[in-house]
Amino acid sequence: MNYQSQTLTFLILALACALINAQTSPSNCGYKGIDYSGFSNSSSWSFVVPGTNPTTYYWNVCNSASKCASIKPNTPASCQFQSNVYRNTGDLSSGTFVNSSQGVGIKYTTSGSPCKV
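Following this line, the structure appears as structure tokens:
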């Protein structure tokens, strides 16, 4: 294989990877032809785990979670709030759509400190 065909093969592969990522990344909010941007919420979605020290999880769909705004430098797409402390549970840039047994979900990950249990 000569240099030009290797370069062309690499460019096609890079383009294919970019297109696949664009179809599964919440940054464009579309997956398998469905636009999920209508699920984005300006005040974040939340779920409270009751108990002696309640924990609230905030998240958003295809957008940063405004309730997590105190986390810097970038507001994450999901966070945990417990004992007056916010913890990043998912960076928006890490989001990917995933299939689940009940439909589709968004998976966010972070390299930040883990959640408190």
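Taking mature numbering (1 follows the signal peptide of the UniProt record, and there is no 0), I'd label the letters of the sequence shown as residues -22 to -1, 1 to 95. The beta carbon of each residue, even a glycine, is placed where N, CA and C say it ideally should be.
First and last residue of the uninterrupted beta strand (DSSP E) at Gln58: Here residue 58 is taken as the residue at index 80 of the sequence shown, counted from 1. It spans Ser56 to Gln60 - the beta strand (DSSP E) in which Gln58 sits, taken as one unbroken run.
Cα-Cα separation, Pro32 to Val26: Position 54 of the sequence shown holds residue 32. Position 48 of the sequence shown holds residue 26. Approximately 7 Å between the Cα atoms of the pair.
Cβ contact (3+ pairs, closer than 8 Å) linking the stretch 12 to 20 and the stretch 46 to 53: no
C-alpha gap between Thr87 and Ile12, whole angstroms: Locating residue 87 in the sequence shown gives position 109, counting from the first residue. Locating residue 12 in the sequence shown gives position 34, counting from the first residue. Taking the straight line joining both Cα atoms gives about 23 Å.
Rounded straight-line distance, which links the Cα of Asn66 to that of Asn52: Within the sequence shown, numbered from 1, the residue matching residue 52 stands at position 74. Within the sequence shown, numbered from 1, the residue matching residue 66 stands at position 88. For Asn52 and Asn66, the distance between alpha carbons rounds to 10 Å.
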